[in-house]
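*Asks:*
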């Protein structure tokens, strides 16, 4: 049990435990590099370069491992997403610029943040590398051990100092329980990988096939395209029509799942930090958080919608200048998107929260406080006058449209037409109408200009977290760097994961493998025949003949022997091929 003085020190934020997470992050690079080197030495190079240098001593060993395929990975999506979630606390420190491993001048802070980001990425690299490694028996042991170390250190840190100076009691628990949950999930995932790989190693279970070139959902998408559409569409539920319709032939890549999970946890941490305030700020935490959470799901829905449109060859939803984006910028967009999406979401949450708080303060001072101070009647009177003024202005604008449609347009050419043709009628009255309303519309335009500015600010503020759509006006979309990153990311995924293209490439690869297998079987049968022994010269001539039969054009390039012309040899080949 802690004494009252120790509790007071903890609540005041003066608790000093035996664990320093920032120092532990530095030291975690040692086991991280050790795990990376082990997995790299186990990795085999597919194409070894025959060079006379020291790397030749390693043979075909030691290849650079990748933590995650950011383009075409559809397996273990949630495991990678949870691994991203385990980095949420460090990402928040980087976002707030509170994590600085080096002390250098102010002008070089960009380099400090770069080094800090590289260090955070390197310290969490083993989580992803052990999940994606082919040697699951060893990688599961290494991943489990590394995750257990992080889990134990985090638990020790929370146990020693559970309170803080911002939220008071159990502040550290509120900040670190998402990371603990993610680490616990990784422990279970690595344990499952170990049990499964051990059963395969002992021969109790068959080895699973390698990662397929063509995913199942991609093949199903192509099959659906080749089928005839049903005569009657199935009736959709209210949830499918209004909110979301699940598509079994579409899967989000691991990049999108990881970005969503990490953004969700970072939003939770941001809302937890800002909940230390009171009043209107505290009340608006929930609507601001719900707005950003809805954006996360809406961005996923927009990603699926935009990808399907690109697969169908439709680009009308994109601005004209983005129909043929730069290839280099699109490749960079893959690296930018995930980080920028999280940063946009966090800044969007803060800006939306501030705007909603200002709206709440405005409501308090204009509606609530007058009622509390017995000034409700004056408040209602002023509100009524303002509402009536706006209603009269809008009514006059609607009246202008009604007069124009009634008196200044020619009648419909057909009764089935929805509106009158754009042909003037009663021109003299129309010109007088324009003249007398000219001076009034000058004053009306002032209010319209201010309303345009207000609506642009509100929409721009409300949609600042939406990276999937631009808040710039037509012609200036290129200035929106977030939207440019979204478009570039879409094009990279479109060119590399298009189901039709992947299916076509899979057909070519499968056909080539089948031809190689048939050729190998044919050569093996020739070499392993039970008949009389065949000399190497005869076998070579037979293989040469088979090659020339399959490639008749090579006959014309061969040097003819004395007494034999290439035409005679061509005739022999044709006879052999016909037989």
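Residue numbers (the working numbering): 13 to 591.
Here a beta-carbon is modelled for each residue, glycine too, at the ideal position from N, C-alpha and C.
Just mark residue 28 as buried or exposed, buried being the case when its beta carbon has 16 or more other beta carbons within 10 Å.
*Replies:* That one is exposed.
*Asks:* Pull up the distance between the alpha-carbon of residue 298 and that of residue 210, whole angstroms please.
*Replies:* Their backbone Cα atoms lie some 47 Å apart in a straight line.
*Asks:* By DSSP's criteria, residue 436 is part of a beta bridge. Which residues make up the other side?
*Replies:* DSSP, once it has assigned bridges, lists 421 as partnering residue 436.
*Asks:* Note down the Cα distance separating residue 523 from residue 508, rounded to an integer number of angstroms.
*Replies:* Going from the Cα of residue 523 to the Cα of residue 508 covers about 21 Å.
*Asks:* Just to confirm, is the Cβ distance from residue 421 to residue 437 under 8 Å?
*Replies:* Yes. Within cutoff.
*Asks:* DSSP three-state label for residue 31, please.
*Replies:* In the structure shown, residue 31 sits in coil (DSSP, three-state: anything other than H, G, I, E or B).
*Asks:* For a quick check, are the C-beta atoms of residue 267 and residue 137 less than 8 Å apart?
*Replies:* Result no, Cβ atoms of residue 267 and residue 137 do not sit closer than 8 Å.
*Asks:* Beta-carbon within less than 6 Å of residue 514's beta-carbon, same chain only, minus the 5 sequence neighbours each way: which residues are those?
*Replies:* Taken in chain order, the residues that qualify are 226 and 230.
*Asks:* Tell whether a beta-carbon distance below 8 Å holds between residue 308 and residue 100.
*Replies:* No, they are not a contact pair.
*Asks:* Measuring only the C-alpha atoms, how far is residue 189 from residue 256?
*Replies:* About 30 Å.
*Asks:* What's the gap between the Cα of residue 241 and the Cα of residue 161?
*Replies:* Straight-line Cα distance between these residues: approximately 55 Å.
*Asks:* Taking the alpha-carbon positions, what's the residue 387 to residue 291 distance?
*Replies:* The alpha-carbon atoms of residue 387 and residue 291 are separated by roughly 22 Å.
*Asks:* At which residue ranges does the stretch 140–225 contain complete alpha helix (DSSP H) runs of 4 or more residues, listed in the order of the chain?
*Replies:* 148–172 and 183–213, all fully within the stretch 140–225.
*Asks:* Label residue 201 either buried or exposed according to how many other C-beta atoms from any shown protein chain fall within 10 Å of its C-beta, with 16 as the threshold for buried.
*Replies:* Burial call: buried.
*Asks:* For residue 172 versus residue 30, is the C-beta distance shorter than 8 Å?
*Replies:* Yes. Within cutoff.
*Asks:* Are the beta-carbon atoms belonging to residue 275 and residue 368 less than 8 Å from one another?
*Replies:* No; because the gap between Cβ atoms is not below 8 Å, this pair is not in contact.
*Asks:* Taking the alpha helix (DSSP H) that residue 230 falls in, what are its first and last residues?
*Replies:* Where residue 230 is concerned, the enclosing alpha helix (DSSP H) stretches over 228–238.
*Asks:* Hey, which unbroken runs of the alpha helix (DSSP H) at 4 residues or more fall wholly within the stretch 476–539?
*Replies:* Qualifying alpha helix (DSSP H) stretches, in chain order: 493–509 and 511–539.
*Asks:* Excluding sequence positions up to five away, which residues of its chain have a Cβ less than 8 Å from the Cβ of residue 196?
*Replies:* Here the set comprises 163.
*Asks:* Given a threshold of 16 other Cβ atoms within 10 Å of its Cβ, counted over all protein chains shown, does residue 182 qualify as buried or as exposed?
*Replies:* By the neighbour-count rule (16 or more Cβ atoms within 10 Å), residue 182 is not buried but exposed.
*Asks:* Does the stretch 47–55 come close enough to the stretch 134–154 that 3 or more CB-CB pairs lie under 8 Å?
*Replies:* Short answer: they touch.
*Asks:* Measuring CA to CA, which of 496, 465, 213 and 174 is closest to residue 332?
*Replies:* That would be 496, whose Cα lies nearest to the Cα of residue 332.
*Asks:* Between residue 356 and residue 479, is the Cβ-Cβ spacing less than 8 Å?
*Replies:* Against a cut-off of 8 Å, the Cβ pair of residue 479 and residue 356 comes out as a contact.
*Asks:* Indicate whether residue 128 and residue 106 have their beta-carbon atoms separated by less than 8 Å.
*Replies:* Closer than 8 Å, so yes.
*Asks:* Which residue comes first and which comes last in the alpha helix (DSSP H) that contains residue 376?
*Replies:* Looking at the DSSP string, residue 376 is not in any alpha helix (DSSP H), and its letter there is neither H nor E.
*Asks:* Can you give, in chain order, each stretch of the beta strand (DSSP E) that sits fully within the stretch 336–419 and has at least 3 residues?
*Replies:* List check, beta strand (DSSP E) in window: nothing returned.
*Asks:* By the DSSP assignment, the alpha helix (DSSP H) with residue 293 in it spans what residues?
*Replies:* Segment 292–295, the alpha helix (DSSP H) holding residue 293.
*Asks:* Can residue 285 and residue 96 be called in contact, C-beta distance under 8 Å?
*Replies:* Contact flag unset, no.
*Asks:* Is the stretch 315–327 in contact with the stretch 392–404, if contact means three or more CB pairs nearer than 8 Å?
*Replies:* As far as the Cβ criterion goes, the stretch 315–327 does not touch the stretch 392–404, which means the pair count is below three.
*Asks:* Going by DSSP, what residue range makes up the alpha helix (DSSP H) through residue 127?
*Replies:* 121–135 is the span of the alpha helix (DSSP H), which, as asked, contains residue 127.
*Asks:* Quick check on residue 90: does DSSP put it in helix, strand or coil?
*Replies:* Three-state result, residue 90: helix.
*Asks:* Please state whether the Cβ-Cβ distance between residue 263 and residue 442 is less than 8 Å.
*Replies:* Not a contact, by the Cβ cut-off of 8 Å.
*Asks:* From residue 476 to residue 430, what distance separates their C-alpha atoms?
*Replies:* So the two alpha carbons sit approximately 38 Å from each other.
*Asks:* Assuming residue 198 contacts residue 94 under a Cβ cut-off of 8 Å, what Cβ separation, rounded to an integer in Å, is found between them?
*Replies:* Confirmed, Cβ separation roughly 6 Å.
*Asks:* Less than 8 Å between the CB atoms is what I'm expecting for residue 349 and residue 501, so what's the real figure, rounded?
*Replies:* Yes, they are in contact, since the Cβ atoms of residue 349 and residue 501 sit about 4 Å apart, within 8 Å.
*Asks:* So is residue 377 buried or exposed if we call it buried at 16+ other beta carbons inside 10 Å?
*Replies:* Exposed: under 16 other Cβ atoms inside 10 Å.
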